[in-house]
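Order-wise, the sequence lines are chains L and F.
Read left to right, the first sequence gives residues 1 to 330 (the UniProt record's numbering).
Read left to right, the second sequence gives residues 1 to 330 (the UniProt record's numbering).
Notes for the one structure printed next.
2 protein chains.
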Amino acid sequence: MPTNQNDLPTSADVFTAAQNIAGRIHRTPMISSRQLDEFGGAGLWFKCEHLQKVGAFKARGASNALAQLPPDTQMVATHSSGNHGAALAWAAAERGLACTVVMPETAPLAKRAAVAGYGAEIVICGPTQADRESTLQKVVEQSGAHVVPPFDDPRIIAGQGTVALEIIQQCREQGFVPDVVVAPVGGGGLLAGIGLAIAALAPDVVVIGAEPAGADDAQRSLRGGVHITTPQAPATIADGLRTTLGRRNYSVIRRTVRDIVTVTEHGIVEAMRLLWTRTKQLVEPSAAVGLAAVLEHQARFRNKNVAIVLTGGNMDLDRVADLFAEGEDS
Amino acid sequence: MPTNQNDLPTSADVFTAAQNIAGRIHRTPMISSRQLDEFGGAGLWFKCEHLQKVGAFKARGASNALAQLPPDTQMVATHSSGNHGAALAWAAAERGLACTVVMPETAPLAKRAAVAGYGAEIVICGPTQADRESTLQKVVEQSGAHVVPPFDDPRIIAGQGTVALEIIQQCREQGFVPDVVVAPVGGGGLLAGIGLAIAALAPDVVVIGAEPAGADDAQRSLRGGVHITTPQAPATIADGLRTTLGRRNYSVIRRTVRDIVTVTEHGIVEAMRLLWTRTKQLVEPSAAVGLAAVLEHQARFRNKNVAIVLTGGNMDLDRVADLFAEGEDS
Numbered sequence: 001m002p003t004n005q006n007d008l009p010t011s012a013d014v015f016t017a018a019q020n021i022a023g024r025i026h027r028t029p030m031i032s033s034r035q036l037d038e039f040g041g042a043g044l045w046f047k048c049e050h051l052q053k054v055g056a057f058k059a060r061g062a063s064n065a066l067a068q069l070p071p072d073t074q075m076v077a078t079h080s081s082g083n084h085g086a087a088l089a090w091a092a093a094e095r096g097l098a099c100t101v102v103m104p105e106t107a108p109l110a111k112r113a114a115v116a117g118y119g120a121e122i123v124i125c126g127p128t129q130a131d132r133e134s135t136l137q138k139v140v141e142q143s144g145a146h147v148v149p150p151f152d153d154p155r156i157i158a159g160q161g162t163v164a165l166e167i168i169q170q171c172r173e174q175g176f177v178p179d180v181v182v183a184p185v186g187g188g189g190l191l192a193g194i195g196l197a198i199a200a201l202a203p204d205v206v207v208i209g210a211e212p213a214g215a216d217d218a219q220r221s222l223r224g225g226v227h228i229t230t231p232q233a234p235a236t237i238a239d240g241l242r243t244t245l246g247r248r249n250y251s252v253i254r255r256t257v258r259d260i261v262t263v264t265e266h267g268i269v270e271a272m273r274l275l276w277t278r279t280k281q282l283v284e285p286s287a288a289v290g291l292a293a294v295l296e297h298q299a300r301f302r303n304k305n306v307a308i309v310l311t312g313g314n315m316d317l318d319r320v321a322d323l324f325a326e327g328e329d330s
Numbered sequence: 001m002p003t004n005q006n007d008l009p010t011s012a013d014v015f016t017a018a019q020n021i022a023g024r025i026h027r028t029p030m031i032s033s034r035q036l037d038e039f040g041g042a043g044l045w046f047k048c049e050h051l052q053k054v055g056a057f058k059a060r061g062a063s064n065a066l067a068q069l070p071p072d073t074q075m076v077a078t079h080s081s082g083n084h085g086a087a088l089a090w091a092a093a094e095r096g097l098a099c100t101v102v103m104p105e106t107a108p109l110a111k112r113a114a115v116a117g118y119g120a121e122i123v124i125c126g127p128t129q130a131d132r133e134s135t136l137q138k139v140v141e142q143s144g145a146h147v148v149p150p151f152d153d154p155r156i157i158a159g160q161g162t163v164a165l166e167i168i169q170q171c172r173e174q175g176f177v178p179d180v181v182v183a184p185v186g187g188g189g190l191l192a193g194i195g196l197a198i199a200a201l202a203p204d205v206v207v208i209g210a211e212p213a214g215a216d217d218a219q220r221s222l223r224g225g226v227h228i229t230t231p232q233a234p235a236t237i238a239d240g241l242r243t244t245l246g247r248r249n250y251s252v253i254r255r256t257v258r259d260i261v262t263v264t265e266h267g268i269v270e271a272m273r274l275l276w277t278r279t280k281q282l283v284e285p286s287a288a289v290g291l292a293a294v295l296e297h298q299a300r301f302r303n304k305n306v307a308i309v310l311t312g313g314n315m316d317l318d319r320v321a322d323l324f325a326e327g328e329d330s
């Protein structure tokens, strides 16, 4: 039975999503590094969603959404700075649907190339949330496409939450339950989904969100108790986290997530450098935000078992040198 | 029973090495990528030795050598452009031995830092093989250290060969035997060890070496039937493969390896880019030489199951942009 888009998703929707997407997505590995454990003063377990289909956890939500489309849908559309667009393009191609992705002109070339590579049409727009939404509206008016939003959608939230079911299962296979799960927050699809999953499956586990200090609307919303929706011009190299927290996402996160912490740009680059050199995993800047949070707020995580979601691995390689230079200047 | 350093290693020595190093090194995973299979027109299986202890297969040989030291050895020494030095430093620290590593001034900073990080002393020398050997000789005269050579040593060859035992086991677990095993060749420790292992365990499997065209002494030796030992100034970004093929290595490779193919610098950079973007694994240039060989000699590998050793993942991150620029100019 399709979920009503206007309602909030429930924990049960996450379990249903896991059934919807079984066999279509990877059960990604969890890895650890003794050196990083020593460095962080905690037991760190990294969930490798950069090894997921399309190189990001977004494949989960997109696949779940397309499992519940209205009958006779021929075409889907969305706006995305990158990974959701690639995920929807991939999921649409798998099911033989046409797909259009509205992308901001600031989206990394690697992410544009991925969307194009799955056969979707790309429409470029300005950098703000308003630009994206108005451009997507035009696409829908012209084509009648069914919109699959990047995060503020119950099907997407439930789909992303399936990563937490695997985290708990995989930790149990290793003989423990994590004390904390840390995930980056941009629009909040991943964090809200994890919150729902953990609330049902392992309610003693603390869920913490992490976001760049230059895009801290989620922290201000959660701590202030009022959902901040003012458009902002977020300043962070973590291009996947520049979006504003969604309405449904805020409602779910408020009930299921303990806190949201912020990290510096320098901390993001340093965490990315550590992940690259110690685990040899090529994660994108947004994916390093969870480790950055543990390192910049060490007292909070000391001696705990912490599961951290590495959210994606898609970036322009020729931006790498710039990223490290930016990090050292800040 | 220790192996005699003056003799050639045997296949049996590889099996003994596997017992010597069990529990000290990782059984690294093998990964595959549907996109790379399509791109290469073959079934490609990557053995992830960049995820090995110290980030390179060299941990195998070093650990095996230190399991067979002469009694009362207090100190070990070697020369290395990087990964063998780090591996020996690591293995020595594990056993409470002092260690000195002679490194050429051209060695990547990341590799120097790794050696220092394991507590070994570093002595810098000129870039040629002769520079390394004369400097090491001085170290030995002053300290009485026991030398563990980087490749021309039966303990090292046998240790590196253990990777092939795992490859065959892991492929069998997946339900097949590979048609070909491809490994990069510099000094030839890895390739000779693989040759010995495969000859005993799976003699129908073809072993192919791969080396940069700018450092092709192994190919010329094998194809010409005469071991070329003339010092050269190898021109390749694959810094791990600049050494000249060792004497014992040549003798073993001649009997156990089908052929050695060369790859271009552009091919190495392109293969590294593909591994980074498609598998998200941060491998060093030398480690991309196996995939480069499959892509530049496609007819030879078409529709075969090919196991490729990803040899290491240690490099200076700030050289990344340069590497890609060099590759595109060549």
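Glycine is no exception: its CB is placed at the ideal position from the N, C-alpha and C atoms.
Everything numeric in this text was worked out from a predicted model, so none of it was measured.
The Cβ of threonine 277 of chain L sits closer than 9 Å to at least one Cβ of chain F. Rounded to whole angstroms, alanine 12 of chain F and isoleucine 124 of chain F show a C-alpha spacing of 37 Å. Between the C-alpha atoms of alanine 292 of chain F and alanine 202 of chain L there is a straight-line separation of about 46 Å. Of the residues assessed, threonine 16 of chain L falls on the buried side of the cut-off, its CB having 16 or more other CB atoms within 10 angstroms.
A straight-line Cα-Cα distance of about 16 Å links arginine 278 of chain L and glycine 267 of chain L.
At a Cβ-Cβ threshold of 9 Å, glycine 290 of chain L and proline 212 of chain L do not count as neighbours.
Here glycine 144 of chain L is exposed. Its C-beta has fewer than 16 other C-beta atoms within 10 Å. One alpha carbon belongs to arginine 242 of chain F, the other to valine 205 of chain F, and they sit about 27 Å apart. Each of L:Val226, L:Ile25 and L:His84 was checked against the Cα of proline 150 of chain L, and the nearest Cα belongs to L:His84. For the region 12-37 of chain F, the residues whose beta carbon sits under 9 Å from a beta carbon of chain L are, in order, Pro29 and Ile31.
Rounded to the nearest whole angstrom, the CA to CA distance from threonine 230 of chain F to valine 252 of chain F is 19 Å. Taking all protein chains shown into account, arginine 255 of chain L has fewer than 16 neighbouring C-beta atoms within 10 Å of its C-beta and is therefore exposed.
Note: phenylalanine 46 of chain L is bridge-paired with L:Ile31 and L:Ile308 in the DSSP secondary-structure output.
Interface criterion met: the Cβ of glycine 313 of chain F is under 9 Å from a Cβ in chain L. Residue contact with chain F for lysine 138 of chain L: absent (no Cβ-Cβ distance below 9 Å to any residue of chain F). Annotation for methionine 272 of chain L: no beta strand (DSSP E) segment contains it, though the alpha helix (DSSP H) segment containing it runs 265-274. Counting C-beta atoms within 10 angstroms of its own C-beta, arginine 60 of chain L has 16 or more neighbours from the protein chains shown and is therefore classed as buried. Using beta-carbon distances, glycine 240 of chain F does not count as an interface residue toward chain L, since no partner is under 9 Å. The beta carbon of histidine 266 of chain F sits no closer than 9 Å to any beta carbon of chain L. By the neighbour-count criterion, in which a residue is buried when 16 or more other Cβ atoms sit within 10 angstroms of its Cβ, arginine 132 of chain F is buried. Within the region 49-70 of chain L, those residues whose Cβ lies closer than 9 Å to any Cβ of chain F are, in chain order, His50, Leu51 and Gly55.
For glutamine 281 of chain L, the residues of chain F that pass the 8 Å Cβ criterion are Lys280, Gln281 and Leu282, in the order they occur in the chain. Histidine 79 of chain F sits in a strand when the DSSP states are folded into three classes. Using a Cβ distance threshold of 9 Å, alanine 120 of chain L and leucine 88 of chain L count as a contacting pair. Taking valine 102 of chain L as the centre and dropping the five residues before and after it, the same chain places the C-beta of His79, Val123, Cys125, Arg132, Thr135 and Leu136 closer than 6 Å to its C-beta, in chain order.
In this structure, the CA atom of arginine 258 of chain L is about 20 Å from the CA atom of threonine 311 of chain L. For glycine 126 of chain F, the secondary structure class from DSSP, reduced to helix, strand or coil, is coil.
Ranked by how close their Cα comes to the Cα of alanine 114 of chain L, the residues F:Gln35, F:Leu97, F:Met272 and F:Glu49 have F:Gln35 in first place. Of the candidates L:Ile237, L:Pro104, L:Arg247 and L:Arg95, the residue whose Cα lies closest to the Cα of glutamate 265 of chain L is L:Ile237. Interface criterion met: the Cβ of alanine 110 of chain L is under 9 Å from a Cβ in chain F. The Cβ atoms of isoleucine 167 of chain F and lysine 47 of chain F sit closer than 9 Å to each other. Within the same chain, and ignoring the five residues on either side of glycine 214 of chain F in sequence, the residues whose Cβ sits closer than 8 Å to its Cβ are Pro234, Ala235, Thr236 and Glu265. Under the DSSP assignment, glutamate 173 of chain L falls in the alpha helix (DSSP H) whose first and last residues are 154-173.
Collapsing the DSSP output to three states places proline 285 of chain L in a helix.
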